[in-house]
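Residue numbers for the sequence shown follow the working numbering, so the first one is 30 and each next one is one higher.
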Amino acid sequence: MGNSYEDECRRSMAEEQAKSLAETNDWEHVDRERVHQDWDVLYREITAFLDGGSLPGDEQIQELVRRHFDIVSRFYTPSREAYVGMSLFYAEDEGMKAFHDSYHPGLVEFLGDAIKVFAERGSGFAPSAGAGAPA
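Right under this line is the structure:
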């Protein structure tokens, strides 16, 4: 993945989240406590697979990433690029990296790789804002 694509993903995430926040009064419709509980359960499940030697593209991992995407979609439905941008944010933001890696020292990297696979194979994304990009 080239730097220009990663930059597009970061930009897409920032723009889509800002638009969604503005349209939903800072995501007031989201039960944040429930979201955090669901992510906690999910990250513990992913960690167990990670410890068991699973790979990001494995079917069971991709099912877990589908659940992650579904949780994200409670806030707004991201484009493929915005979803990949979220994985980059997890890796690049100190607080997010520390939070995710508190479950397992390799969770951020593993989840990022799994999200990239999901973005290539998955469905249910919002249309991309980028010209000519796949929806």
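For every residue, glycine included, the Cβ atom is placed at its ideal position computed from N, Cα and C.
Is the beta carbon of residue i less than 8 Å from the beta carbon of residue j?
{"i": "F98", "j": "G151", "result": "yes"}
{"i": "A155", "j": "E138", "result": "no"}
{"i": "Y132", "j": "R96", "result": "no"}
{"i": "D60", "j": "I100", "result": "no"}
{"i": "S108", "j": "E52", "result": "no"}
Compute the Euclidean distance between the alpha carbons of residue i and residue j, then round it to the nearest angstrom.
{"i": "L50", "j": "W56", "result": "6 Å"}
{"i": "F118", "j": "G81", "result": "26 Å"}
{"i": "L93", "j": "L71", "result": "7 Å"}
{"i": "G153", "j": "L140", "result": "19 Å"}
{"i": "D36", "j": "K145", "result": "14 Å"}
{"i": "P134", "j": "F147", "result": "21 Å"}
{"i": "D130", "j": "D69", "result": "12 Å"}
{"i": "A143", "j": "A47", "result": "25 Å"}
{"i": "E123", "j": "Y105", "result": "23 Å"}
{"i": "M125", "j": "L136", "result": "11 Å"}
If contacts are defined as beta-carbon pairs under 8 Å, then residue i and residue j qualify, I think. What distance do you get, rounded to the angstrom?
{"i": "S33", "j": "E110", "result": "12 Å between Cβ atoms; not a contact."}
{"i": "L84", "j": "I90", "result": "7 Å"}
Discussion item. Counting beta carbon pairs with one atom in the stretch 34-43 and one in the stretch 104-123, are three or more of them shorter than 8 Å?
Written reply: By the C-beta criterion, the stretch 104-123 is judged to be in contact with the stretch 34-43, since at least 3 inter-stretch pairs fall below 8 Å.
Item to complete: Taking only runs that begin and end inside the stretch 58-132, name each unbroken alpha helix (DSSP H) of 4 or more residues, in chain order.
Response: For the stretch 58-132, whole alpha helix (DSSP H) runs of length 4 or above, ordered along the chain, are 61-80, 88-101, 109-121, 123-130.
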